[in-house]
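Chains as they are written, first to last, in the working numbering: chain A, 23 to 294; chain B, 23 to 294.
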């Protein structure tokens, strides 16, 4: 039975994850399981895993690594007691040789014992901090997905992984810019401080109204476009690496974890 | 020609590294190249690299990963334009099957094209912040190496890597404890907030005067023993993993990088 977004808002992270796992909910996770870390997901064959981890280490602003499975294990044990990355994301993108092949809500049939899952921190964490500080976030207030753009900022390559940094854009009142930069810099596991503000052309964005992912959002009078490194960057790097198979979350539809958003480290010790 | 510590204090990071590389200086690096990030070093065969990176990701307080080489490359390009990890650390420990075999000042003859180097953040960064805040650090004032201890705190395992967390101890005035915790928590790439303070027995340390590495340091009247996760933890994990060969820095004698200690991320983009 399908579950509505409004119903899900009443649930804690276990309840939301259970409904996603059962297939009852397959949409964006912004605003759900408040207070808990959400993550971007990338799944690759082990033969690509070391190079991809190095790619994340070298590009920590777009790719803040918050969890990695053991090879062949679908359980992200350091992010929660009961997280199965084969079913716990609302929608998955399946890429073949770097090209999007299809979108599904469960990948149990595709999982094999050579796969490794990677979780990367996500902007929801600092958005919640902005909202607590009284800074409105347009795409949340208007129930859209944040606009995301490829840029001319190059990532640092690692093996076959390279390509442009992807950024997300939020319009911020000019007199709040310094405050917004300071707040977001406190969340290194959620992309940290913005990488650019002002003219989108400076970072190779031709048209703010035509995002590569997500929904367009306005920049009003007295506002400035502010750009943060984005966890969709690996999807651009996968386009370059062209692995036979790779699987990611669908942008905006994240993995919900049991880690508190304000935890010092994104780790739950499975021994306790 | 040998160079004294006092002479080296006049040099910037390039000068210090050049003298270490030439073999003119083979001692501890605390207090050298002020303002620049120093790092613990671990070198492993590629067959251990993915498990070791996962070990670091799962244990970010003892093992904050700040750099990884390409396989076979001795250059740590994201930490500096000219860092050669075969010669740029004052002294190296060579382990065979997990057991310390010998200590040398250059490993060029041991390097091969299957090796991967890992740099982990180090406590010097937050020590400098403590000193700037007027908190004395005994082992620095007395030209010793910080005392380090194995504990009963277990790391989260990854493949063959497991074992106890190693901590370093600094005696802090009790009325400064909260301030010290707050300052060090600002440096997640340098072990972050302490993991314990007070009775050493609580974390399995039997005798504060008998550190496993470094020099004993006193805890005076009105002071409390404060313990931070330590970058020597991988050396304990290597003892468990028993790789045929592994190489680390000698504790206290670190890799000096070109990354500013207060940089948002520990990355220099080699493309610029």
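Even glycine gets a Cβ: it sits at the ideal position worked out from N, Cα and C.
Neighbour flag for residue i against chain B, beta carbons, 8 angstroms
i: residue 207 (chain A); result: yes
i: residue 214 (chain A); result: yes
i: residue 277 (chain A); result: no
i: residue 87 (chain A); result: yes
i: residue 41 (chain A); result: no
i: residue 186 (chain A); result: no
Span of the beta strand (DSSP E) around residue i
i: residue 254 (chain B); result: That residue, residue 254 (chain B), is in no beta strand (DSSP E); it is neither H nor E in DSSP.
i: residue 140 (chain A); result: 137-143
i: residue 193 (chain B); result: 186-195
i: residue 211 (chain A); result: Note, residue 211 (chain A): premise wrong, no beta strand (DSSP E); not H, not E.
i: residue 170 (chain B); result: 170-176
i: residue 115 (chain B); result: 114-118
i: residue 282 (chain B); result: 277-282
i: residue 271 (chain B); result: 267-271
i: residue 89 (chain A); result: 87-90
i: residue 124 (chain A); result: 121-126
Chain A contact for residue i (CB, 8 angstroms cutoff)
i: residue 286 (chain B); result: yes
i: residue 65 (chain B); result: no
i: residue 291 (chain B); result: yes
i: residue 210 (chain B); result: yes
i: residue 189 (chain B); result: no
i: residue 83 (chain B); result: yes
Range of the contiguous alpha helix (DSSP H) that encloses residue i
i: residue 202 (chain A); result: 199-207
i: residue 69 (chain A); result: 68-80
i: residue 42 (chain A); result: 35-43
i: residue 29 (chain B); result: 27-30
i: residue 163 (chain A); result: 160-163
i: residue 153 (chain B); result: 146-154
Straight-line gap, residue i to residue j (C-alpha atoms, nearest Å)
i: residue 263 (chain B); j: residue 52 (chain A); result: 41 angstroms
i: residue 131 (chain A); j: residue 167 (chain B); result: 54 angstroms
i: residue 33 (chain B); j: residue 55 (chain B); result: 7 angstroms
i: residue 282 (chain B); j: residue 35 (chain A); result: 39 angstroms
i: residue 289 (chain A); j: residue 248 (chain B); result: 22 angstroms
i: residue 77 (chain B); j: residue 259 (chain B); result: 9 angstroms
i: residue 19 (chain B); j: residue 265 (chain B); result: Because chain B is modelled from 23 through 294, residue 19 (chain B) falls outside the range shown and cannot be assessed.
i: residue 123 (chain B); j: residue 49 (chain B); result: 19 angstroms
i: residue 275 (chain B); j: residue 272 (chain A); result: 46 angstroms
i: residue 235 (chain A); j: residue 93 (chain A); result: 30 angstroms
i: residue 58 (chain B); j: residue 110 (chain B); result: 15 angstroms
i: residue 287 (chain B); j: residue 223 (chain B); result: 36 angstroms
i: residue 128 (chain B); j: residue 101 (chain B); result: 19 angstroms
i: residue 84 (chain A); j: residue 204 (chain B); result: 27 angstroms
i: residue 106 (chain B); j: residue 277 (chain B); result: 10 angstroms
i: residue 199 (chain B); j: residue 246 (chain B); result: 8 angstroms
i: residue 242 (chain B); j: residue 228 (chain B); result: 18 angstroms
i: residue 147 (chain A); j: residue 208 (chain A); result: 10 angstroms
i: residue 230 (chain A); j: residue 238 (chain A); result: 7 angstroms
i: residue 113 (chain B); j: residue 195 (chain A); result: 53 angstroms
i: residue 176 (chain B); j: residue 157 (chain A); result: 41 angstroms
i: residue 117 (chain A); j: residue 268 (chain B); result: 37 angstroms
i: residue 226 (chain B); j: residue 150 (chain B); result: 28 angstroms
i: residue 18 (chain A); j: residue 31 (chain A); result: Coverage of chain A is limited to positions 23 through 294, which leaves residue 18 (chain A) absent and any answer about it impossible.
i: residue 284 (chain A); j: residue 152 (chain A); result: 13 angstroms
i: residue 80 (chain A); j: residue 89 (chain B); result: 7 angstroms
i: residue 68 (chain A); j: residue 220 (chain B); result: 43 angstroms
i: residue 182 (chain A); j: residue 279 (chain A); result: 29 angstroms
Within chain D, the residues that residue i reaches when beta carbons sit closer than 7 angstroms
i: residue 90 (chain B); result: Looking for chain D here will not work: the only protein chains present are A and B.
Sheet register partners of residue i (DSSP bridge)
i: residue 235 (chain A); result: A:170
i: residue 47 (chain A); result: None; residue 47 (chain A) has no bridge partner.
i: residue 129 (chain A); result: Bridge partners of residue 129 (chain A): none, in fact.
i: residue 20 (chain B); result: The displayed coordinates of chain B run from 23 to 294. Any statement about residue 20 (chain B) would go beyond what the structure contains.
i: residue 180 (chain B); result: B:183
i: residue 106 (chain A); result: A:97
i: residue 64 (chain B); result: B:140 and B:270
Proximity test, residue i beta-carbon vs the ligand FAD heavy atom, cut-off 7 angstroms
i: residue 202 (chain B); result: The model on display carries no ligand, and the ligand FAD is accordingly not part of it.
(message) Give me the subset of the stretch 93-110 of chain A whose CB atoms are less than 7 angstroms from a CB atom of chain B, sorted by chain position.
(response) Hits within the stretch, in order: 100.
(request) Could you please tell me which residues of the stretch 70-81 of chain A, in chain order, have their CB closer than 7 angstroms to any CB of chain B? (result) So the close ones are 71, 72, 75, 76, 79 and 80.
(request) May I ask you to list, following chain order, the residues of the stretch 239-263 of chain A that have a beta carbon less than 9 angstroms from some beta carbon of chain B? (result) Hits within the stretch: zero.
(message) Any C-beta of chain A within less than 8 angstroms: which residues of the stretch 162-183 of chain B qualify?
(response) The stretch 162-183 of chain B vs chain A, Cβ under 8 angstroms: 176, 178, 180 and 181.
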